[in-house]
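K.L.:
Chains A and B, in that order, give the protein sequences. Numbering-wise, the numbering used here puts 103 at position 103 of the first sequence, and it's gapless, one number per residue. Add 384 to the 1-based position in the second sequence for the numbering used here, that's all there is to it. Note that beta-carbon positions come from the ideal geometry of N, C-alpha and C, so glycine has one too. Small disclaimer: the values here were computed from a predicted structure and weren't measured.
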Amino acid sequence: MSDKVVAELHEPTPAVGDGGPDMIQLLTPEGERLSHPDYDKYVADLTPEDLRSFYRDLVLIRRLDAEGYALQRQGELGLWPSLLGQEAAQVGSGRALKPHDMCFPTYREHGVGFVRGMDPQSSLQLFRGVSQGGWDPKDHNFHLYTIVIGAQTLHATGYAMGVKMDGNVGTGDPDRDTAVICYFGDGASSQGDVNEAFVYAASFDAPVVFFCQNNQWAISEPVSKQTRIPLFQRARGFGFPGMRVDGNDVLATYAVTQHCLDEARNGNGPLLIEAFTYRMGAHTTADDPTKYRVSAEVEQWKFRDPILRLKTYLSHEGWADEAFFTRVDEEADQFAAELRHGCITMDTMPGETMWDHVYAEDHPVMEAERAAFQAYQASFEEAN
Amino acid sequence: MALEKVTLGKSLTSGLRRAMERDPKVVLIGEDIGKLGGVFRITEGLQKDFGEARVIDSPLAESGIVGTAVGLALRGYRPVCEIQFDGFVYPAFDQIVSQVAKLRARSLGAVTMPIVIRIPFGGGIGSPEHHSESPEAYFAHTAGLRVVACSNPEDAHWMIQQAIECDDPVIFFEPKRRYHDRGEYDTAATEAPRGLFEAHIVRPGSDVTMVGYGPVVKTMLESAAAAEADGTSIEVIDLRSLSPLPIDTIVGSVRKTGRLVVVHEASSFLGMASEISAQVTEQCFYDLEAPVIRVNGANIPYPPSRMEEDFLPDLDRILDGVDRALAY
Ligand SMILES: Cc1ncc(C[n+]2csc(CCOP(=O)(O)OP(=O)(O)O)c2C)c(N)n1
Numbered sequence: 001m002s003d004k005v006v007a008e009l010h011e012p013t014p015a016v017g018d019g020g021p022d023m024i025q026l027l028t029p030e031g032e033r034l035s036h037p038d039y040d041k042y043v044a045d046l047t048p049e050d051l052r053s054f055y056r057d058l059v060l061i062r063r064l065d066a067e068g069y070a071l072q073r074q075g076e077l078g079l080w081p082s083l084l085g086q087e088a089a090q091v092g093s094g095r096a097l098k099p100h101d102m103c104f105p106t107y108r109e110h111g112v113g114f115v116r117g118m119d120p121q122s123s124l125q126l127f128r129g130v131s132q133g134g135w136d137p138k139d140h141n142f143h144l145y146t147i148v149i150g151a152q153t154l155h156a157t158g159y160a161m162g163v164k165m166d167g168n169v170g171t172g173d174p175d176r177d178t179a180v181i182c183y184f185g186d187g188a189s190s191q192g193d194v195n196e197a198f199v200y201a202a203s204f205d206a207p208v209v210f211f212c213q214n215n216q217w218a219i220s221e222p223v224s225k226q227t228r229i230p231l232f233q234r235a236r237g238f239g240f241p242g243m244r245v246d247g248n249d250v251l252a253t254y255a256v257t258q259h260c261l262d263e264a265r266n267g268n269g270p271l272l273i274e275a276f277t278y279r280m281g282a283h284t285t286a287d288d289p290t291k292y293r294v295s296a297e298v299e300q301w302k303f304r305d306p307i308l309r310l311k312t313y314l315s316h317e318g319w320a321d322e323a324f325f326t327r328v329d330e331e332a333d334q335f336a337a338e339l340r341h342g343c344i345t346m347d348t349m350p351g352e353t354m355w356d357h358v359y360a361e362d363h364p365v366m367e368a369e370r371a372a373f374q375a376y377q378a379s380f381e382e383a384n
Numbered sequence: 385m386a387l388e389k390v391t392l393g394k395s396l397t398s399g400l401r402r403a404m405e406r407d408p409k410v411v412l413i414g415e416d417i418g419k420l421g422g423v424f425r426i427t428e429g430l431q432k433d434f435g436e437a438r439v440i441d442s443p444l445a446e447s448g449i450v451g452t453a454v455g456l457a458l459r460g461y462r463p464v465c466e467i468q469f470d471g472f473v474y475p476a477f478d479q480i481v482s483q484v485a486k487l488r489a490r491s492l493g494a495v496t497m498p499i500v501i502r503i504p505f506g507g508g509i510g511s512p513e514h515h516s517e518s519p520e521a522y523f524a525h526t527a528g529l530r531v532v533a534c535s536n537p538e539d540a541h542w543m544i545q546q547a548i549e550c551d552d553p554v555i556f557f558e559p560k561r562r563y564h565d566r567g568e569y570d571t572a573a574t575e576a577p578r579g580l581f582e583a584h585i586v587r588p589g590s591d592v593t594m595v596g597y598g599p600v601v602k603t604m605l606e607s608a609a610a611a612e613a614d615g616t617s618i619e620v621i622d623l624r625s626l627s628p629l630p631i632d633t634i635v636g637s638v639r640k641t642g643r644l645v646v647v648h649e650a651s652s653f654l655g656m657a658s659e660i661s662a663q664v665t666e667q668c669f670y671d672l673e674a675p676v677i678r679v680n681g682a683n684i685p686y687p688p689s690r691m692e693e694d695f696l697p698d699l700d701r702i703l704d705g706v707d708r709a710l711a712y
């Protein structure tokens, strides 16, 4: 190794930078459209109507998040992992998926679920404590949330291995060729499971796109606690391409994800995308970021807000006017009211249902315990 | 004497602090334990006072936390690992049961593993899945490990220091829903009131023996108080040590009362209560007036938080267990 390489490797990872020269961007924080030789083509067909719908998604998801936060504070949810600041990473990547692509989220991908067509209330169930999951992953090809950090990267890889074994890659038939996308955080990149997923995906050429939302923090630990090189460069060590995209730029995220999904569908997977973004709020409602990070950093990221930048772009191009933006805000109000109503009227299942879905086939212990529970409950009613 | 009312959480912090002051080889390692002081703030302030080399914010990798602790122990350190929540210990399970537990025996005693693995455990805090589990039986089943659980501030303060001083690996369970409970004890004392592997009779009684550990000890005491109002005298034993099992204390009590109720949050099947029941039946067959009664969690995955009340042994279910024991 040359001295220069060694010196570079020993350069500490900057706490939070601007993403560096490798970061793919199509919209600047000021809302200016940059052209990019490789990625323009993925957004060339987008009509102003499409772009307005991107904007709408971003606003509704931010509203969903604000509502989740408020509901937790009012005691309606036990916990809420906020996605504030990560809307563009989620909308851009989620909208690049085809309905038959499969998606494996963490516990924070409320926005991806939303653009996949999932009932937004579904995201609340786990955190309200009425369910440990709450939806059928096949309904929208959106797997259940995974709380154990990194575990889903292996599930995604296995699923992608299955897709390949089924012969659903590289056929040239767009309705058949299938990609898998898997979300995880910068902290997750340290887990053994994630590294094993990389190895499996590479060894089996699995059609999986690993989508790392580098929001710079894993609860209190900065990304420098997890890695000494930019995360997208990790992919190279495992033998597949990695790229960094501006995760606050919905156009670039959409373009880069499309590119990678196409590659995977064509049989050229796996790939790693690092969406360079920022967690604007606390890790979850149980966290207190004032203990470990400086507010100046948050202030700096406010200038990179994903929604504001698309709004500026749309206005400058004359593709949306104040009336449109007001309409979207009104829709968001309506959406929030419905979400709130749905949340507070969500039913808690009766106690005896706890034994219902533990096994697929009859299990004597489940039956005996359920019966004992019912008899015990009934004894209170008799006593009254 | 400096009698003070301290929370269980803070008494763990002061216990860790004393251990670190006493022995420069004691190092803490875990996720978010530095500036944040851990998600439960048990290590609060320790990094500020002992530095980043002794209070190590680990990468987000549990196998790494325990696996590197093995290496640190080989190098003469006494690592204290923090696992953030019970449900996240499983990525480290292989390191714990295959490496930590076995290295001493494999090396014919040449290698010691003075590692403490702290795990906040149990439910009742309204959390999503993986945040409320009781995985103690997995570890108690593995030879080479010692497994303890504290239930009150004074024990927490002393047990953590004793665990750190122990030359064997100790899985140290902390009842997370009791972190904020206060208890009074002599904070100036220089010696532990009891050994780490001894059970403690926290309330004497004559009609029924009741055994449990960790978060349910408080509930057992409440049940005993309620039963006394009805004329039943319950002897409450805080097990404290799950492995080795202080069976003599239980046997002594059962010989006196003739009845035993074992309480824990973990599922009943092959749980601590099963082992206690088997050993007591072997040793006290002619003393028992009734079968050993178990009041435990159901044999299902931990339920969603809005249903956990139905899952956890509460006052009513414990008293129901007492009634069943007395029905013979
Ligand atoms: C195996 C495991 N260890 C610890 C935790 C506790 N925990 C929940 S989220 C989190 C930080 C995750 O950081 P990152 O992967 O960067 O994702 P982010 O939440 O920032 O999007 C931790 C430590 C967990 N859920 N799973």
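#1: Extract the residue ranges of the beta strand (DSSP E) inside the region 213-257 of chain A, only unbroken runs of 3 or more that lie entirely within it.
#2: Identify, in the order they occur along the chain, each residue of the same chain with its Cβ nearer than 6 Å to the Cβ of A:F325, setting aside the five sequence neighbours on each side.
#3: Name the chain B residues whose beta carbon is nearer than 8 Å to that of A:S220?
#4: Within 8 Å (strictly less), CB to CB, does B:S535 reach chain A?
#5: Flag A:E369 as yes if its beta-carbon sits less than 8 Å from any beta-carbon of chain B, otherwise no.
#6: At a threshold of 7 Å, does B:I449 count as lining ligand 1 (C-beta to nearest heavy atom)?
#7: Can you give me the Cβ contacts of A:R108 inside the same chain, cut-off strictly under 6 Å, excluding the 5 residues immediately before and after it?
#8: Determine, using beta carbons only, whether B:E582 comes closer than 8 Å to chain A.
#9: The region 664-695 of chain B: which residues have C-beta closer than 9 Å to a C-beta of chain A, in chain order?
#10: Excluding five sequence neighbours on each side, which residues of the same chain lie with their C-beta closer than 7 Å to the C-beta of A:G19?
#11: Quick one, what's near ligand 2 if you take every residue whose CB is closer than 7 Å to any heavy atom, in chain order?
#12: Which of the three DSSP states is assigned to B:V645 in this structure?
#13: If we ignore side chains and look at the alpha-carbon of each, how far apart do A:A385 and A:S189 end up?
#14: Figure out for me which residue from A:M118, A:L71, A:L34 has the closest Cα to the Cα of A:G94.
#15: To test your reading of the DSSP string, which unbroken alpha helix (DSSP H) runs of 4 or more residues are found completely within the region 51-104 of chain A?
#16: Is the shortest distance between the beta-carbon of B:G412 and the beta-carbons of chain A less than 8 Å?
#17: Under 8 Å between the Cβ atoms of A:Y55 and A:L314?
#18: Looking at the unbroken alpha helix (DSSP H) that takes in B:V532, where does it start and where does it end?
#19: Suppose you measure from the CA of B:T526 to the CA of B:G655; what does that come to, to the nearest Å?
#20: I want to verify the contact list: residues of chain A whose CB lies under 9 Å from the CB of B:D704, in sequence order.
#21: Does the contact criterion of 3 or more C-beta pairs under 8 Å hold for the region 388-408 of chain B versus the region 542-561 of chain B?
#22: Leaving out five residues before and five after A:A282 in sequence, what residues of the same chain have Cβ atoms less than 6 Å from its Cβ?
#23: Which residues in the same chain have their Cβ closer than 6 Å to the Cβ of B:T593, if we skip the five residues on either side of it in sequence?
#24: Would you call the region 435-453 of chain B in contact with the region 479-494 of chain B, where contact means no fewer than 3 C-beta pairs closer than 8 Å?
#25: Taking C-alpha atoms, which residue in A:A88, A:T47, A:V209 lies nearest to A:P29?
#26: Any chance you could list the beta strand (DSSP E) runs of at least 3 consecutive residues sitting entirely within the region 586-624 of chain B, in chain order?
#27: In terms of residues, what are the limits of the alpha helix (DSSP H) holding B:I660?
#28: Would you call B:P463 buried or exposed, if buried means 16 or more other Cβ atoms sit within 10 Å of its Cβ?
#29: Tell me the start and end of each unbroken alpha helix (DSSP H) in the region 277-332 of chain A that is at least 4 residues and wholly inside, in chain order.
#30: If we count the other Cβ atoms within 10 Å of its Cβ and call it buried at 16 or more, is A:I344 buried or exposed?
#31: Kindly indicate which three-state DSSP category A:D356 falls into: helix, strand or coil?
#32: Between the region 138-151 of chain A and chain B, which residues of the former have CB atoms less than 7 Å from a CB of the latter, in chain order?
#33: Taking only beta-carbon positions, decide if B:A610 is within less than 8 Å of chain A.
#34: For A:H183, which residues does DSSP report across the bridge?
#35: So which residues on chain A does B:T513 lean against when the C-beta distance must stay under 8 Å?
P.N.:
This is what the structure holds:
#1: For the beta strand (DSSP E) assignment, the uninterrupted runs of no fewer than 3 residues enclosed by the region 213-257 of chain A are, from N- to C-terminal side, 242-246.
#2: Within the same chain, A:F325 has no close Cβ partners at all.
#3: Those within 8 Å of A:S220 in chain B are D416, G418, K419, L420, D441.
#4: B:S535 does not count as touching chain A.
#5: Flagged as an interface residue toward chain B: A:E369, by a C-beta distance shorter than 8 Å.
#6: No, since every heavy atom of ligand 1 falls outside the 7 Å radius drawn around the Cβ of B:I449.
#7: Same-chain partners within the cutoff: P81, L83.
#8: With its beta carbon at least 8 Å from every one in chain A, B:E582 lies outside the interface.
#9: Those residues of the region 664-695 of chain B that come within reach of chain A (Cβ to Cβ, closer than 9 Å) are A682, N683, I684, P685, Y686, P687, P688, S689, R690, M691, E692, E693, D694, F695.
#10: Here the set comprises R244, D246, F276.
#11: Absent from the structure shown: ligand 2. Ligands present: ligand 1.
#12: B:V645 carries a strand assignment under DSSP once its states are collapsed to helix, strand and coil.
#13: The shown model of chain A, from 1 to 384, leaves out residue 385 of chain A, and the question about it has no answer.
#14: Ranking A:M118, A:L71, A:L34 by CA distance to the CA of A:G94 puts A:M118 first.
#15: As for any alpha helix (DSSP H) of minimum length 4 sitting wholly inside the region 51-104 of chain A, the runs are 87-95, ordered along the chain.
#16: The amino acid occupying residue 412 of chain B in the given sequence is Leu; Gly does not appear at that position. The beta carbon of B:L412 does not come within 8 Å of any beta carbon belonging to chain A, so the residue lies off that interface.
#17: By the CB criterion at 8 Å, A:Y55 and A:L314 fall inside the cutoff.
#18: Careful: B:V532 lies outside any alpha helix (DSSP H), inside the beta strand (DSSP E) at 530-533.
#19: About 13 Å.
#20: Simply Y376, S379.
#21: The region 388-408 of chain B and the region 542-561 of chain B touch, with no fewer than 3 CB-CB distances between them shorter than 8 Å.
#22: P289, listed in sequence order.
#23: Taking B:T593 as the centre and dropping the five residues before and after it, the same chain places the C-beta of E619, S637, V638, T641, L644 closer than 6 Å to its C-beta, in chain order.
#24: These segments touch.
#25: Ranking the options by Cα distance to A:P29, first place goes to A:A88.
#26: Those beta strand (DSSP E) runs which fall completely within the region 586-624 of chain B and span 3+ residues are 592-596, 618-622.
#27: Where B:I660 is concerned, the enclosing alpha helix (DSSP H) stretches over 656-668.
#28: Counting every other CB atom within 10 Å of its CB across the protein chains shown gives B:P463 a total of 16 or more, marking it as buried.
#29: If one requires a minimum length of 4 residues, the alpha helix (DSSP H) runs lying completely within the region 277-332 of chain A are 295-302, 306-317, in chain order.
#30: Flag for A:I344 reads exposed.
#31: A:D356 falls in the coil class under three-state DSSP.
#32: Using a CB distance below 7 Å, the part of the region 138-151 of chain A facing chain B consists of I147, V148, I149, ordered along the chain.
#33: No - not a single Cβ of chain A is within 8 Å of the one on B:A610.
#34: The sequence given here places Tyr at residue 183 of chain A; His does not occur at that position. According to DSSP, residue pairing for A:Y183 in a beta bridge involves A:F211.
#35: Per the sequence presented here, residue 513 of chain B reads as Glu, with Thr not at that position. The answer, in chain order, is L126, Q132, I147.
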